[in-house]
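The structure appears below as structure tokens.
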Amino acid sequence: MRKTILVLMILSIGLQGCYKEIVYEDNPFLVRTRTLDYQSLSMSNSSLFLGDTLKIEAKAAGDSLVYLWASTGGILTHNKGLAFFTADSARVYTISCQITDKYGNSMEKSSDIHVSTELIFSEIERTDAVIPVNHTTQFTAMVSGEELTYSWSTSGGTMMFDNQTALFYAQSPGIYNLTCVVTDKYGVSETRVVSIEVAEGFIYKSLTATQLQINAGQYTEITADVLGADLTYSWKSNPPGSIVGEGNVILFTICHADTFEVSCQVTDRFGNSEIKSVSIKVIL
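If you read the sequence shown in our numbering, its first letter stands for residue 124, the second for the next number, and so on.
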């Protein structure tokens, strides 16, 4: 009888030990055999304009995955492995997603997104670099964007503006700075500055012809581009040719072949003068 009881006790102890080794899933050695495969954190684009929405997807394989999303700013909405991001200002953001499985394994991936505004202010385009006193010239802000507002200012002189176009003149010689601040609908601003010189007297910019070579009997138009007021124009040709017209624009023609130097002398009311010339080749 005692032998039978002892054998049963030994069998019972052995069976209990075997049962625990098979079903004890909290064993740390068994946990480490479970793996989390974090495959990728992908974005629909690497850059973004203000107002647009970015799609981000975290791809992973594992058991009972939990997703923890985070961003360094903006608005981030998410559901499991899918998230959507909208920026609140133009800058660089970092978006991250930490994934944890039921065994406690955890991995994190992150990526940067560059957010910019559609406001592009390339330059202030000016009609003239130098103007005479009391001469009005135009400036244009070369900008693209949405719902733009413009603010112009000048270090001196007189300015009138309408949106991206400004008109300027000054009554005294000097160098003047013109500033334009452009703001878009998101409140993002860009500033550009351009300088202009105001000189005493007129500015003789150029003397140009529509054609530098013509057939005998044909006409070419010659223009003196001059900035200023109360100016007189004196035209000459060497050798002599036919000059038709007056003021700053004339027509030149001749009936025989040669090379002609056509000149224009510009004089203001104070007696200041300047001469420029252009060569015209006439062929048969």
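Where a beta carbon is used, it is the ideal one built from N, C-alpha and C, also for glycine.
Note that this is a predicted model, so its numbers are computed, not measured.
Residues bridged to residue i [DSSP beta-bridge criterion]
i    : result
L330 : A347
S194 : I218
G297 : V321
P255 : A322
R315 : C303
I337 : V405
V276 : The residue you asked about is not Val; residue 276 is Ser in the sequence shown. For S276, which the question treats as bridged, DSSP gives the partners T302.
D160 : A184
F262 : R249 and A289
Y309 : BP columns for Y309 are empty, so no partner.
L199 : F208
C387 : W358 and K399
S365 : T376
F284 : A289
L171 : V238
D381 : V405
Contact check, residue i vs residue j, beta carbons under 8 Å
i    : j    : result
L301 : I319 : yes
Y292 : T281 : yes
V321 : G340 : no
Y161 : T240 : no
I337 : V385 : no
L242 : G279 : no
D159 : A183 : Checking the displayed sequence, the identity of residue 159 turns out to be Leu instead of Asp. Yes, the Cβ-Cβ distance between L159 and A183 is below 8 Å.
Y273 : F284 : yes
F383 : S357 : no
Q388 : I398 : yes
C303 : A264 : yes
T343 : I247 : no
E180 : F244 : no
L177 : S167 : yes
G416 : I377 : One cannot answer for residue 416 here, as it falls past the ends of the chain, which runs 124 to 407.
R249 : V317 : yes
V266 : Q287 : yes
6 Å Cβ shell around residue i - same chain, five flanking residues per side excluded
i    : result
L271 : V305 and D307
L188 : I222 and D224
S407 : According to the sequence as given, residue 407 is Leu; it is not Ser. These residues qualify, in order along the chain: A339 and A380.
R157 : Y226
G401 : What sits at residue 401 in the sequence shown is Val, not Gly. If we look at V401 and ignore the five residues flanking it on each side, its Cβ neighbours are L330, A332 and V385.
S233 : T217 and S219
V311 : A213, T240 and L242
G185 : L159 and D224
H201 : W192
T195 : Y216 and T217
Proximal residues to residue i (C-beta, below 7 Å), its chain only, five neighbours per side dropped
i    : result
D381 : P362 and V405
R214 : V238
G197 : F208, T209, A210, D211 and Y216
T355 : T390
K328 : D348, V349 and L350
D353 : D391 and R392
G370 : Y356
S396 : Q388, V389 and T390
E323 : V256 and P296
Chain B contact for residue i (CB, 8 Å cutoff)
i    : result
A332 : Of the protein chains in this structure there is only one, and it is not chain B.
heavy atom of the ligand MN below 7 Å from residue i C-beta
i    : result
V266 : Inclusion of the ligand MN in the displayed structure is not the case, the ligand content being empty and no account of it being possible.
### Query
Counting only runs that start and end within the region 207-251, where is the beta strand (DSSP E) found for 3 or more residues in a row?
If only uninterrupted beta strand (DSSP E) runs of at least 3 residues are considered, those enclosed by the region 207-251 are 215-223, 229-239 and 243-249.
### Message
For the pair the region 217-236 and the region 248-261, tell me if three or more CB-CB distances fall below 8 Å.
### Response
Of all C-beta pairs linking the region 217-236 to the region 248-261, fewer than three are shorter than 8 Å, placing the two stretches out of contact.
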